[in-house]
Every structure is written in C-alpha cells, then in structure tokens.
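Reading through the structure tokens given below for one structure.
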Amino acid sequence: MNVYIFHGFGEILVEVSLALLPLVLFFSVFQLFMLKLPKERVLQTGLGFILTFFGLAFFLQGVHIGFMPFGELMGAALGDWEYRWGIIPIGFILGFVATFAEPAVRIMNEEVDRETGGYISSKIMLYTLSTGVGLSIALSMLRILTGWSIWYFLLPGYALAMILIFFSTRTFIAIAFDSGGVATGPMTVTFIVSVAVGIASVTEGRDPLVDGFGMIALVALTPIIAVLVVGLLFNRKAGNPNHESKS
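What follows is the structure, encoded as structure tokens:
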C-alpha cells in the first residue's frame, strides 16, 4: 500500500524542483544586488520555499493517486445515472465547493480585501467566484448531455463580458479578468475535469477530450462575468454607476 501511495513520487519531486528553481534564482539575484533583506527575512523566505516545495509535491502526488482516479470513477457513475439531468445541479454544487478549497482563490480574495480596505470583502469575492465556477460546471454538464458546441457558450459569454466592461470600473475589470485565471486552479483542473471526462467517456457520441477538457474555457469565462455583475451592483449601490469606467 505504501509503495503504491508513493509510486512516481520521485518524478513529482523533480518536476516541482524545476518549477521552483527559477523563482529561487530570481530571489537570490534580487537579494544579492537589490533587496538586501535582513537575515531573518531571508531565512523566513527560504522556509517558505521549502514548505511550498513539499506542499506542491504532496498535493500533486495526491492528485495522481486520488483526485483524478476518483473523479473519473465518480463521473462514470454519474454518466450512467438514471436521472441524467440531475448532473447539472450536481455539477453546480461540485464547482461551488471546489472553489472554496482553491488556494489561489483564497489568496486573491485576501489581496483584494486588503487593497480595497475591506470595500470588496474576501467573503463577497469567494461567493461570487464560487457561484461563477458553479455555473460554468453546470453549463458544461448541459453541454455534455446535449452535445451543443462550446462556441454557443463562449461567443455569447465573451460578448456579454465585453459589454459589461463599458459599465464597470477599472477596479472591477482588473479583478474580473484575474479571477478567470485564478478560478482555473489545481482543484478545478484536477477533480472537476476528471469528473467531466468520466461523464463524457460513458455518454454515447461524446469525446472525453473535446467535451471533458472544453469545460476549462467556461470556468475561465463565468467568474469574469460574475465579478463584473457584482461590480455593477456595487456601483449602483454607491449611486455612481460610471465611476472610473472612462478613467
């Protein structure tokens, strides 16, 4: 059992090392020639790199031996479910709760809360992004069931986002488009995509590559729209809907 748990862990360690090495080199160069941080801060940063290294390594190992296989099995079971349209609300719930556990989402929400002085709270951002991702997963399940082209969702979605930009402030525009990238983090890409691939693999006429992986495009889109809509509500509440929109 222990051998299986750590199967391929050496390769994971090498991959994480190569991923973090450029960051370590950049920090070392900046520290040597520009930053000149005190020894305590350097040691603290070094400890952060070490914790990040092992955290990423164990997380990725867990993804390979647990998240992805379980997600595909769960998706296959849902795809054979008698009440097939029930996977749409289930998809929404999975997307919603997965975003709650997304590390990058948590970090961005805290940054937004701090930089705006609490005006845009981390809790509001968390529920907004979770709702957006939940809707994207629900739409992805609908697309798998119906066989509709992803362009039927992407083109109107990005057209709506472009329209909302003209009524939004620079602050919410910046947050919105960053949210689209943050939402496609490791929790969504590993677990939710595996579920979608599992459903597509047991659905007649569906291609797991096209229908399963296509959901990432929707996950990157819906948080953008969700944040822009929340921005409109904020501006309306403030009584100045066009504030900063033309700045």
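Numbered per our numbering, the sequence shown finishes at 1160, counting up by one with no gaps.
The beta-carbon is built from N, C-alpha and C at its ideal position, and this holds for glycine as well.
At the level of alpha carbons, what is the spacing between residue i and residue j?
i       : j       : result
ILE1020 : SER1114 : 34 Å
ILE906  : PHE1090 : The structure shown does not extend to residue 906, since the chain spans only 914 to 1160, so no value can be given for it.
LYS1159 : THR1082 : For LYS1159, the pLDDT reaches just 41, beneath the cut-off of 50, and the residue's location in the model is therefore unreliable, although a value from the coordinates is still provided. So the two alpha carbons sit approximately 8 Å from each other.
TYR1065 : LEU1052 : 11 Å
SER1034 : THR965  : 26 Å
PRO1154 : LEU948  : Note on PRO1154: pLDDT 46, under 50, position unreliable in the model; the coordinate value appears next. Using only the alpha carbons, I get a separation of about 42 Å.
GLU924  : VAL1102 : 20 Å
HIS977  : MET1100 : 12 Å
ALA1130 : ALA1072 : 14 Å
ALA1011 : VAL927  : 27 Å
LEU1141 : GLU1024 : 18 Å
THR983  : PRO951  : As written in the sequence, residue 983 is Phe, which differs from the Thr given in the question. Each residue's alpha carbon lies about 46 Å from the other.
ILE1112 : PHE939  : 43 Å
GLY959  : ALA1017 : 21 Å
VAL1123 : SER930  : 32 Å
ILE1088 : MET1075 : 14 Å
PHE936  : ASP1026 : The sequence shown places Leu at residue 936, not Phe. In a straight line, the C-alpha of LEU936 is about 26 Å away from that of ASP1026.
VAL955  : ILE963  : 12 Å
PHE1147 : LYS1036 : 15 Å
VAL1110 : LEU991  : 11 Å
GLY999  : LEU969  : 34 Å
ALA1151 : PRO1069 : 29 Å
MET981  : ALA932  : 21 Å
PRO1121 : SER941  : 43 Å
HIS1156 : ASN1022 : Because the pLDDT of HIS1156 is 45, which lies under 50, any placement of that residue in the model is unreliable, and the question is left without a value.
GLN957  : PHE943  : 16 Å
GLU1015 : VAL1132 : 13 Å
LEU945  : GLY961  : 18 Å
LEU934  : TYR996  : 49 Å
GLY979  : ARG1149 : 45 Å
GLY1098 : PHE1009 : 13 Å
VAL1143 : LEU1067 : 20 Å
ILE1063 : TYR1032 : 36 Å
ILE1086 : LEU986  : 38 Å
GLU953  : PHE1013 : 33 Å
LEU1077 : SER1092 : 15 Å
Between the options, which lies nearest to residue i when the distance is taken from Cα to Cα?
i       : options                            : result
LEU1058 : TYR1032, LEU1007, THR1116          : THR1116
ASP993  : VAL1108, LEU1122, ILE1129, GLU1015 : VAL1108
PHE922  : GLY1118, LEU956, PHE967            : PHE967
SER1049 : SER1081, MET1075, PHE919, GLY1125  : GLY1125
ALA1096 : VAL1110, LEU1122, GLY1047          : GLY1047
THR1084 : ILE1037, THR1029, HIS920, ALA1072  : THR1029
PHE971  : ALA1087, PHE919, GLY1045, LEU1145  : PHE919
TYR917  : PHE962, GLN974, PRO935             : GLN974
PHE1079 : VAL1132, LEU1145, GLN944, ILE1063  : LEU1145
GLY1094 : PHE1147, GLY1045, LEU945, SER1062  : GLY1045
GLY1201 : GLN944, MET1054, GLU953, GLY1070   : There is simply no residue 1201 to check, as the chain begins at 914 and stops at 1160 in what is shown.
GLY1004 : PRO1121, MET1128, ARG1149, LEU934  : MET1128
ILE1001 : GLY1098, ASP1120, ILE1105          : ILE1105
**Prompt:** Quick one: any contact between the region 1128-1147 and the region 1029-1042, if contact means 3 or more CB pairs under 8 Å?
**Reply:** In this structure the region 1128-1147 lies against the region 1029-1042, because at least three pairs of beta carbons, one per stretch, are closer than 8 Å.
**Those runs of the alpha helix (DSSP H) which lie wholly inside the region 1038-1104 and span at least 4 residues** = DSSP runs (the alpha helix (DSSP H)) wholly in the region 1038-1104: 1064-1078, 1083-1096.
**Message:** Counting beta carbon pairs with one atom in the region 1054-1070 and one in the region 1115-1130, are three or more of them shorter than 8 Å?
**Reply:** Yes: the two stretches touch, three or more of their Cβ pairs being nearer than 8 Å.
**Message:** Threshold first: 4 residues or longer. Then list the alpha helix (DSSP H) segments lying entirely within the region 1116-1157, N to C.
**Reply:** You should have 1128-1151.
**Item:** Every unbroken beta strand (DSSP E) inside the region 982-1046 [3 residues or more]
**Value:** The region 982-1046 is shown to contain no whole beta strand (DSSP E) run of 3 or more residues.
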